[in-house]
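J.:
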Amino acid sequence: MNYEPMLIGKKILIGITGSIAAYKSILVVRLLVKAGADVKVVMTPAARDFVSPLVLSTLSRNKVIIEMAEGDEWSNHVMLGRWADVFLVAPLSCNTLAKMAHGLCDNILLAVYLSATCPVVVAPAMDEDMWQHPATQKNISALAEFGNHIISVRKGELGSGLFGEGRMAEPEEIVNYLVEHFFRAATLKGKKAIVTAGPTYEAIDPVRFIGNHSSGKMGFALAEALYLQGADVLLITGPTHESIPYEGLRVQRVVSAAEMFSAADTAFADADIIVMCAAVADFRPVEVAKEKIKKKTATLELSLTKTGDILKHLGSRKKKGQYLAGFALETENAEANAREKLSAKNADCIILNSLQDKAAGFGVDTNQVTIFDRSGTVLSLGLQSKKEIAKEIVSFIVSRIHE
Ligand code: PMT
């Protein structure tokens, strides 16, 4: 995953305690450093039995701190807690959790914790019975009351070989948590955005539908890009396997064009930015058969009727200050059709996806698009990942709304 530029130059102190999950911290360090963060590691003495300081110092490019003092050199725990933008303790063992809850200070990690002036995030990891013990629950509540951030434990295979609650969140989830809670940009702070994504399914009978090949990837990437720029985002999506890694990004799942219409229409009045990426069905069956249609005849005729055009409807409701971006998916006369949609739907820009382009459009992780806007600007974005395309589309929108 590419978090840049959110993490570039951010100072992150990682505390590692004695838990089997410590091996995952290596990946946390790696992900953060790769994204441009400045990472330092502090460990409890017990953590040394689970993960090598040499690996961590090599990956973090900083000396790993384990002792309060080495020779005649004292480790300045106060300055470490002040240096960091965030102090992440991952994994947080049952033992260190208890000590943090009670203010004990018998190692450098605890001394840093007690003196830290930056936000503290903990990712607990332990066996299910230990996690569910009332003493542990009391301790975790105490940490939350102190204002620390808790990344909840996950259910899954545990170090003991048992299955249950107590597994530390995955490295990507931990990094996503840090990005979401501390490092989102403020460019679109205070702005509300709606994104539509995925296909719609129009029921024929209880088991069949008319759909299309949209995976939702492009729309999800756009929702994430807007959210990481600070917008308050509502993603309205048709059926897809995609998921959003940020808990604050609201997702409304719908099935049919009519449901998407109603969801977008309801949210529209308050929205500042609307990006319509969904591949909405243009037609739906006039009637939905109550029972499964039997294959008694050689041919079957379906009578279809047009669905409501959501983009056109929102375009007709658009007020000053609202920015409406539509997509156009074309197989022929791409540019002319995109320009026609721009005016017919009263959009501020149309993002053209041509199915003539290789490695672009439905399903794949890459895309290439051309943006047409009302001022006559034509911006071509060459083949790259949908995440990168999404960032560029969002930059384009930002440049237009801040004009
Ligand atoms: O989901 P992926 O697999 O990542 O693929 C991404 C994509 C190819 C679906 C996406 O990039 C894309 O091109 N989306 C638009 C698909 C489409 O339906 O285009 P269209 O030209 O038929 O529609 C024009 C615009 O009207 C679109 O903004 C569409 O959301 C909107 N529309 C269409 C029909 C309808 N009833 N209501 C609408 O609002």
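Under our numbering, the letters of the sequence shown match residues 4 to 406, in that order.
The beta carbon of each residue, even a glycine, is placed where N, CA and C say it ideally should be.
(1) Mapping the DSSP letters down to three states, classify Arg256 as helix, strand or coil.
(2) Pair every Cβ in the segment 260-267 with every Cβ in the segment 213-226, then say whether three or more of these pairs are closer than 8 Å.
(3) Expressed to the nearest angstrom, what Euclidean distance is found between the alpha-carbon atoms of Pro48 and Ile17?
(4) Compute the minimum distance between the beta carbon of Thr310 and the heavy atoms of the ligand PMT, and state whether it is under 6 Å.
(5) Grab the span of the beta strand (DSSP E) containing Val291 for me, first residue to last.
(6) Buried or exposed: which applies to Leu358, given that a residue is buried once 16 or more other Cβ atoms fall within 10 Å of its Cβ?
(7) Mind checking Gln135: buried by the 16 CB within 10 Å criterion, or exposed?
(8) Would you identify the three-state DSSP class for Cys352, choosing helix, strand or coil?
(9) Under the three-state reduction of DSSP, which class applies to Lys220: helix, strand or coil?
(10) In chain order, what residues of the same chain have a beta carbon less than 8 Å from the beta carbon of Ile349, not counting five sequence neighbours either side?
(11) What does Thr199 pair with, by DSSP beta-bridge criteria?
(12) Among Asp75, Pro56, Ile374, Gly74, which has the Cα closest to the Cα of Ile68?
(13) With C-beta atoms as the reference, is Ser118 less than 7 Å away from His80?
(14) Gln232 lies in the beta strand (DSSP E); which residues open and close that run?
(15) Report yes if the C-beta distance between Gly201 and Ala260 is below 7 Å; otherwise report no.
(16) Would you call Ile396 buried or exposed, if buried means 16 or more other Cβ atoms sit within 10 Å of its Cβ?
(17) Distance, Cα to Cα, Ile15 vs Ile239?
T.: From the atom records:
(1) Strand, per DSSP.
(2) Not touching, per the Cβ criterion.
(3) Each residue's Cα considered, the two are about 14 Å apart.
(4) With a cutoff of 6 Å, Thr310 counts as near the ligand PMT, since its C-beta is closer than that to a heavy atom of the ligand.
(5) Careful: Val291 lies outside any beta strand (DSSP E) and carries neither H nor E.
(6) With fewer than 16 other Cβ atoms within 10 Å, it is exposed.
(7) Under this definition Gln135 is an exposed residue.
(8) Reduced to three states, the DSSP call for Cys352 is strand.
(9) The DSSP-derived three-state label of Lys220 is helix.
(10) What sits at residue 349 in the sequence shown is Asn, not Ile. Once the five neighbours on either side are set aside, the close Cβ partners of Asn349 are Lys315, Gly318, Ser319, Lys321, Leu327.
(11) Residue pairing by DSSP places Thr199 opposite Ile239, Met279 in a beta bridge.
(12) Taking only the C-alpha atoms, the option nearest Ile68 is Pro56.
(13) Between Ser118 and His80, the gap from beta carbon to beta carbon is short of 7 Å.
(14) Here Gln232 belongs to no beta strand (DSSP E), and DSSP marks it neither H nor E.
(15) Contact check for Gly201 against Ala260 fails: the beta carbons are separated by 7 Å or more.
(16) Around the beta-carbon of Ile396, 16 or more other beta-carbon atoms lie within 10 Å, marking it buried.
(17) Each residue's Cα considered, the two are about 34 Å apart.
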